[in-house]
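Numbering (the numbering used here), first residue to last: -18 to 324.
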């Protein structure tokens, strides 16, 4: 399918058609902020949002999920949720995070639960139209993207450019197959939006190049920034919970007193929480706040890149900065200080 051009009315009509045909989620208002959720009407979709409360990773790794069940009659049964879903309004930085998580959950023993959801999802990305106050995607090179989406929507001054890239995208975009094609001028306006976001979506400027972070962090294990920043850390885990590339989880078994009905569940976990690193016998190998604080940054800038081909596991969404009530979670501040002291 060619790249299409829609006005607002045509966009709403298309989304309405998608809703009528299946399970459609997208970004909509939630109080004075924005969140991904089920859409009931095309007019609910907000492509001009700044940032969502939680990243779209929740569709593939839910906050809480049942992995398997057990009872005496049927034995163990895996629970695989694979209902098809179309997700509208994913910003480039969140899509980069999803692609990183695809890599993580496909490694070693592939995660059947995550991968089933991904296989049955159609991703509709959108270029940033209203950069949030703490975004620094421009510094991380995640302000635009050219892969990983099924459809990319870009709002330009006189409508929307809709770029359909995959078979899934073509199926979802069938209602707009006869829409007019985007002109060269429209594509030029799209390129201008993407180019401008390198600066506009960069409220905190990273001084080192992202590719240099693993080497910088490898030499910063004993840097004083960890102790100083951690003095004000509440160990609340908010930065973990809003991060699109945090994927740690805990697993527990729930059963009734007869042991006839048992379920195994997993829930989000976070390395800033005080009991995250507790092992058998009560030993905690990251007992101090500074150790946990340091681990978060080493994981983003050193450990995960070693697993996924060098990509930094911080995409510049800025959610952690906004969520932290003690103002210590800005990755750019930490990385810049370490870089300056290494000069």
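C-beta atoms are modelled at their ideal positions from N, C-alpha and C, and glycine is treated no differently. Bear in mind that the values here come from a model prediction, so they are computed numbers and not experimental data.
**Opening and closing residue of the beta strand (DSSP E) in which residue 215 lies** = Premise fails: residue 215 is in no beta strand (DSSP E) and is neither H nor E.
**Message:** Pairs of beta-carbons, one from the region 30 to 37 and one from the region 241 to 257, closer than 8 Å: are there three or more?
**Reply:** The answer is no - the region 241 to 257 does not touch the region 30 to 37, with fewer than three Cβ pairs under 8 Å.
**Request:** Give the single residue among -6, -5, -4 and 109 whose Cα lies nearest to the Cα of residue 183.
**Result:** Nearest C-alpha to residue 183 among -6, -5, -4 and 109: 109.
**Prompt:** Mind checking whether residue 27 and residue 10 have CB atoms under 8 Å apart?
**Reply:** Yes.
**Request:** Going by CA-CA distance only, name the one from 268, 317, 313 and 297 that's closest to residue 178.
**Result:** 297
**Item:** Same chain only: Cβ atoms within 7 Å of residue 125, ignoring 5 sequence neighbours per side
**Value:** 73, 108, 175 and 178
**Prompt:** If residue 93 sits next to residue 61, beta carbons under 8 Å apart, how far is it from one beta carbon to the other, in whole angstroms?
**Reply:** 6 Å
**Prompt:** Who are residue 123's beta bridge partners in DSSP?
**Reply:** Answer is none; residue 123 lacks a bridge partner.
**Request:** Spatial neighbours of residue 267 within its chain, please: CB distance less than 8 Å, with the 5 preceding and 5 following residues excluded, ordered by chain position.
**Result:** 252, 257, 258, 273 and 276
**Asked** Using the beta-carbon count (16 or more within 10 Å), is residue 17 buried or exposed?
**Response** buried
**Buried or exposed by the 16-neighbour rule on C-beta atoms within 10 Å, applied to residue 65** = exposed
**Item:** residue 68, DSSP secondary structure in three states
**Value:** strand
**Message:** Short of 7 Å in beta carbon distance, which residues of its chain neighbour residue 307, apart from the five on each side in sequence? Order them along the chain.
**Reply:** Within the same chain, and ignoring the five residues on either side of residue 307 in sequence, the residues whose Cβ sits closer than 7 Å to its Cβ are 213, 214 and 215.
**Asked** Can we count residue 149 as close to the ligand NAP, meaning its CB is less than 7 Å from some heavy atom?
**Response** Among the components modelled here there is no ligand, and therefore nothing to report on the ligand NAP.
**Message:** By the three-class DSSP mapping on this structure, what secondary structure does residue 147 have?
**Reply:** coil
**Host beta strand (DSSP E) of residue 56 (start-end)** = 56 to 59
**Request:** Go ahead and label residue 164 buried or exposed: buried means 16 or more other beta carbons lie within 10 angstroms of its beta carbon, across all protein chains shown.
**Result:** exposed
**Prompt:** Does the region 187 to 202 touch the region 304 to 319, meaning 3 or more C-beta pairs lie closer than 8 Å?
**Reply:** yes
**Prompt:** Between residue 135 and the rest of its own chain, which residues show a CB-CB distance below 6 Å, the 5 nearest in sequence each way excluded?
**Reply:** Around residue 135: 108, 142, 171 and 174.
**Asked** How about residue 150 and residue 132: are their beta carbons less than 8 Å apart?
**Response** yes
**Residues sharing a beta bridge with residue 274, DSSP** = BP columns for residue 274 are empty, so no partner.
**Message:** Rounding to the nearest angstrom, what Cα-Cα distance links residue 7 and residue 87 in this structure?
**Reply:** 25 Å
**Asked** Is the CB-CB distance between residue 144 and residue -4 below 8 Å?
**Response** no
**Request:** Please state if the CB of residue 220 and the CB of residue 295 are separated by a distance shorter than 8 Å.
**Result:** no
**Request:** Determine the burial state of residue 260: buried for a count of at least 16 other Cβ atoms within 10 Å of its Cβ, exposed for fewer.
**Result:** The residue is exposed, with fewer than 16 neighbouring Cβ atoms inside 10 Å.
**Item:** Cβ-Cβ distance between residue 67 and residue 153 below 8 Å
**Value:** yes
**Prompt:** For residue 229, is the classification buried or exposed, using 16 other Cβ atoms within 10 angstroms of its Cβ as the cut-off for buried?
**Reply:** exposed
**Prompt:** Going by the beta-carbon positions, is the gap between residue 147 and residue 77 smaller than 8 Å?
**Reply:** Cβ atoms of residue 147 and residue 77: not closer than 8 Å.
**Asked** Residue range of the beta strand (DSSP E) that residue 244 falls in?
**Response** Per DSSP, residue 244 belongs to the beta strand (DSSP E) from 242 to 249.
**Message:** Which residue marks the beginning of the alpha helix (DSSP H) containing residue 312, and which one marks its end?
**Reply:** 312 to 323
**Prompt:** Roughly how many whole angstroms lie between the Cα atoms of residue 281 and residue 227?
**Reply:** 9 Å
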